[in-house]
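Visitor:
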Amino acid sequence: MSSNHLKSWGIFIGLIVGVLVGIIFNEIGENSVTRWIDSNVLWPVGNVFLRSLFMIVVPLVFSSLTLGVANLGNTQTLKGLGVRVLLFYITTTFFAILIGQSLVNTVQPGVGAVNAEDRQAIIEQNEDRIASLKEKSSMVPKSLWPGIIESVIPKNILRQFTDFNMLSIIFVSILFGIGMMYLKDEKSQQVLRDGLAGVANISVMVVHWVMKIAPYAVAALVASAVFKFGSKVIFVIAQYMGLVIVGYLIQFFIVYGALLKYLVKISPKEFYKRASAIFLTSFSTASSNGTMPVTIQVLQEKFGVPQRITSFSIPIGATFNMDGTALFEVIAALFIAQVYGVDLSLTSHIVLVFLVLVTSIGVAGVPGGSRPILMMAMAAVGIPMEGIALILGVDHILDMGRTVVNVTGDTVAALFLAKRSGVDLNQNMKNIPAS
0 MSSNHLKSWG IFIGLIVGVL VGIIFNEIGE NSVTRWIDSN VLWPVGNVFL
50 RSLFMIVVPL VFSSLTLGVA NLGNTQTLKG LGVRVLLFYI TTTFFAILIG
100 QSLVNTVQPG VGAVNAEDRQ AIIEQNEDRI ASLKEKSSMV PKSLWPGIIE
150 SVIPKNILRQ FTDFNMLSII FVSILFGIGM MYLKDEKSQQ VLRDGLAGVA
200 NISVMVVHWV MKIAPYAVAA LVASAVFKFG SKVIFVIAQY MGLVIVGYLI
250 QFFIVYGALL KYLVKISPKE FYKRASAIFL TSFSTASSNG TMPVTIQVLQ
300 EKFGVPQRIT SFSIPIGATF NMDGTALFEV IAALFIAQVY GVDLSLTSHI
350 VLVFLVLVTS IGVAGVPGGS RPILMMAMAA VGIPMEGIAL ILGVDHILDM
400 GRTVVNVTGD TVAALFLAKR SGVDLNQNMK NIPAS
């Protein structure tokens with residue numbers, strides 16, 4: 000049994016152990032002992048893993064993406080890959096939105112789910128968080144236009160790198176890669192290629208080292224999450240949670256499974272087996288960017304996808320491709336509308352779909368993830384923004400699931416690009432053992 004297979008099983012075992020420990024702690028309740036263990040054992044162990052992955056993302060993305068663009072050879076090839084991957088992302092995100100909309104309108108989990116008194120009590124408990132999210136949601140339209148110009152084109156490159164602004168990092172990497180294509184001094188070009196290749200190789204090596212602690216970190220992260228966000232609130236909106244999870248599963252198995260079988264033409268079962276480390280890492284970290292090094296590593300080592308494909312598509316996907324987020328947002332918005340008795344017109348439904356589609360594909364400069372974006376979309380169609388309080392208690396758990404869907408979409412897109420670029424994925428998988 001190879002070390003990679005042991006690592007995947009180790010992460011899965013860590014996930015199970017984390018859930019069990021979290022449930023036990025949640026049942027015991029919050030006291031000085033459980034708080035101390037969470038603050039001084041669980042969170043620090045998980046934080047070491049998270050910070051180590053984030054630490055390596057910027058050098059890995061910049062070196063790999065710049066080198067990948069330069070190795071494409073010409074701007075026509077770059078344009079072709081870019082158009083294909085963006086069309087793929089838009090299509091899968093649109094499917095995710097339709098799945099979410101169909102589910103929530105069919106089941107209608109919000110109708111009569113919460114009475115007025117309970118609804119108001121939940122809002123009052125989350126008053127500060129709602130006020131903060133409202134402020135952030137007001138930034139969303141400006142971030143789309145013209146604010147996106149400031150987010151993409153930096154005045155200070157180094158500051159964008161330290162601030163972890165992925166849109167700017169991607170823009171600068173592509174710009175430098177195109178510049179290398181046109182660099183006439185072959186000696187200088189080779190020096191740059193060798194230097195970037197060295198940084199990329201070292202980054203991959205560091206990822207291997209970090210992944211050695213993954214089973215323990217996953218156990219710690221999941222235990223901490225279950226302990227904090229246990230079952231008290233979950234049961235109140237269990238139907239809503241179940242609907243979101245069903246949506247995730249449809250996108251994960253049916254949509255991606257069909258794309259793998261009919262478009263990429265590889266076995267979905269083999270894909271899910273080989274990509275297990277990606278799923279488990281994205282679930283435990285709840286971060287597409289944090290999972291990026293693992294996604295690149297698995298695609299190259301388990302599917303034989305060339306570095307020029309992974310280094311181009313995965314950083315862009317982690318920023319622009321948000322299938323799970325789009326699916327979650329439309330279900331959450333319509334669930335809250337049902338709870339408040341807001342009857343949306345056909346036009347409002349179309350506007351909501353458009354807003355979720357546009358804002359899920361990389362809204363720059365908005366802190367706090369998908370929640371401010373969701374609130375902006377709700378306000379645009381007349382759904383009370385205060386209603387987000389109803390789902391805040393379970394959002395972290397659902398965030399873990401939507402990250403898995405987001406990252407899986409990135410992975411399938413990379414395989415699609417590899418297939419379209421002439422890579423024989425089935426032959427590669429025959430030559431590379433799954434375990």
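Residues in the sequence shown are numbered from 0 upward in steps of one, following numbering that gives the first Met the number 0.
Note that the Cβ used here is the ideal one computed from N, Cα and C, for glycine as well.
(1) Let me check understanding here. Comparing Cα to Cα, which of ASN425, ARG158, PRO108 and THR92 lies closest to VAL243?
(2) Mind checking which residues open and close the alpha helix (DSSP H) that includes GLU185?
(3) In terms of alpha-carbon separation, which member of TRP8, THR91 and LEU19 lies closest to ASN320?
(4) From VAL206 to TYR339, what distance separates their C-alpha atoms?
(5) Look at the Cβ atom of LEU326, then the Cβ atom of TYR261, and state whether they are nearer than 8 angstroms.
(6) May I have the straight-line CA-CA distance separating ILE23 from GLY17, to the nearest angstrom?
(7) Determine the extent of the alpha helix (DSSP H) in which GLN296 is found, giving its start and end residues.
(8) If we ignore side chains and look at the alpha-carbon of each, how far apart do ILE49 and THR284 end up?
(9) Classify THR280: buried if its beta carbon has 16 or more other beta carbons within 10 angstroms, exposed otherwise.
(10) Assuming TYR271 is part of the alpha helix (DSSP H), what are its boundary residues?
(11) CB ILE387 to CB MET374, shorter than 8 angstroms?
(12) Measure the beta-carbon distance from VAL380 to LEU351 and round it to whole angstroms, keeping in mind my assumption that it falls under 8 angstroms.
(13) Span of the alpha helix (DSSP H) holding MET428?
(14) If we count the other Cβ atoms within 10 Å of its Cβ and call it buried at 16 or more, is TYR181 buried or exposed?
(15) Quick test of your reading: ALA199 and LEU86, contact by CB under 8 angstroms. State the CB separation rounded to the nearest angstrom.
(16) Would you mind giving the Cβ-Cβ distance between SER420 and ILE308, rounded to the nearest angstrom? I have them listed as a contact below 8 angstroms.
(17) Drop a sphere of 10 angstroms on the beta-carbon of PRO292, count the other beta-carbons inside from all chains shown, and report buried for 16 or more, exposed for fewer.
(18) Look up ALA433 in the DSSP assignment and say whether it is helix, strand or coil.
(19) In whole angstroms, what separates the C-alpha of VAL341 from that of ILE98?
(20) Using alpha carbons as the reference points, say which of LEU14, THR402 and ILE382 lies closest to GLY316.
(21) Where do the N-terminal and C-terminal ends of the alpha helix (DSSP H) with ILE308 fall, by residue?
(22) What did DSSP end up calling ASN30 once you bin it into helix, strand or coil?
(23) Leaving aside the five residues before and after PHE442 along the sequence, list all residues of the same chain whose C-beta is less than 7 angstroms from its C-beta, in chain order.
(24) Assign PHE234 to one of two classes, buried (16 or more other C-beta atoms within 10 Å of its C-beta) or exposed (fewer than that).
(25) CA-CA distance, ASP423 and ASN430?
(26) In whole angstroms, give me the CA-to-CA distance for ILE27 and VAL20.
(27) SER230: buried (16+ other C-beta within 10 angstroms of its C-beta) or exposed?
Guide: Checking against the coordinates, here is how it stands:
(1) Looking up residue 243 in the sequence shown gives position 244. Per the Cα distances, PRO108.
(2) Start at 1 with the first residue of the sequence shown, and residue 185 comes out as number 186. Residues 185-210.
(3) Your numbering for residue 320 matches position 321 in the sequence shown. The candidate whose alpha carbon is nearest that of ASN320 is THR91.
(4) What you label residue 206 is simply residue 207 of the sequence shown in a count that begins at 1. What you label residue 339 is simply residue 340 of the sequence shown in a count that begins at 1. Their backbone Cα atoms lie some 47 angstroms apart in a straight line.
(5) By one-based count along the sequence shown, residue 326 stands at place 327. By one-based count along the sequence shown, residue 261 stands at place 262. Against a cut-off of 8 angstroms, the Cβ pair of TYR261 and LEU326 comes out as no contact.
(6) Residue mapping note: residue 23 aligns to position 24 of the sequence shown, counting from 1. Residue mapping note: residue 17 aligns to position 18 of the sequence shown, counting from 1. In a straight line, the C-alpha of ILE23 is about 10 angstroms away from that of GLY17.
(7) Your numbering for residue 296 matches position 297 in the sequence shown. That run of the alpha helix (DSSP H) goes 287-301.
(8) Within the sequence shown, numbered from 1, the residue matching residue 49 stands at position 50. Within the sequence shown, numbered from 1, the residue matching residue 284 stands at position 285. The sequence given here has Leu at residue 49, not Ile. Cα to Cα, the separation comes out at about 7 angstroms.
(9) Locating residue 280 in the sequence shown gives position 281, where the first residue counts as 1. It counts as buried.
(10) To locate residue 271, count along the sequence shown from 1; it is residue 272. That run of the alpha helix (DSSP H) goes 267-273.
(11) Here the question's residue 387 lines up with position 388 in the sequence shown. Here the question's residue 374 lines up with position 375 in the sequence shown. Yes, the Cβ-Cβ distance between ILE387 and MET374 is below 8 angstroms.
(12) Here residue 380 refers to the residue found at position 381 of the sequence shown. Here residue 351 refers to the residue found at position 352 of the sequence shown. That pair is a contact at about 5 angstroms.
(13) Numbered from its first residue, the sequence shown carries residue 428 at position 429. Looking at the DSSP string, the run of the alpha helix (DSSP H) that includes MET428 is 424-430.
(14) Stepping through the sequence shown from its first residue, residue 181 is reached at position 182. Looking at its Cβ environment, which holds fewer than 16 other Cβ atoms inside 10 Å, TYR181 is exposed.
(15) As a working note, residue 199 is residue 200 in the sequence shown. As a working note, residue 86 is residue 87 in the sequence shown. ALA199 to LEU86, Cβ: 27 angstroms. No contact.
(16) Walking along the sequence shown from the start, residue 420 turns up at place 421. Walking along the sequence shown from the start, residue 308 turns up at place 309. Confirmed, Cβ separation roughly 6 angstroms.
(17) Against the sequence shown, residue 292 aligns to sequence position 293. Buried, by the Cβ-count rule.
(18) Here residue 433 refers to the residue found at position 434 of the sequence shown. Coil at ALA433, not helix or strand.
(19) As a working note, residue 341 is residue 342 in the sequence shown. As a working note, residue 98 is residue 99 in the sequence shown. Those two C-alpha atoms are separated by around 21 angstroms.
(20) Taking the first residue of the sequence shown as position 1, residue 316 is located at position 317. The shortest C-alpha separation from GLY316 is found at THR402.
(21) In the sequence shown, residue 308 corresponds to position 309, counting from 1. Segment 306-319, the alpha helix (DSSP H) holding ILE308.
(22) Your numbering for residue 30 matches position 31 in the sequence shown. Coil, per DSSP.
(23) Because the chain in this structure spans residues 0 to 434, residue 442 falls outside the shown range and cannot be described.
(24) What you label residue 234 is simply residue 235 of the sequence shown in a count that begins at 1. With a pLDDT of only 49 at PHE234, under 50, the local geometry of the prediction cannot be trusted, and no value is derived from it.
(25) On the sequence shown, residue 423 is found 424 positions in, with the first residue counted as 1. On the sequence shown, residue 430 is found 431 positions in, with the first residue counted as 1. Approximately 11 angstroms, taken between the alpha carbons.
(26) Here residue 27 refers to the residue found at position 28 of the sequence shown. Here residue 20 refers to the residue found at position 21 of the sequence shown. If I take the Cα positions, the gap works out to 11 angstroms.
(27) The count along the sequence shown starts at 1 and reaches residue 230 at position 231. Note on SER230: pLDDT 47, under 50, position unreliable in the model; the coordinate value appears next. Under this definition SER230 is an exposed residue.
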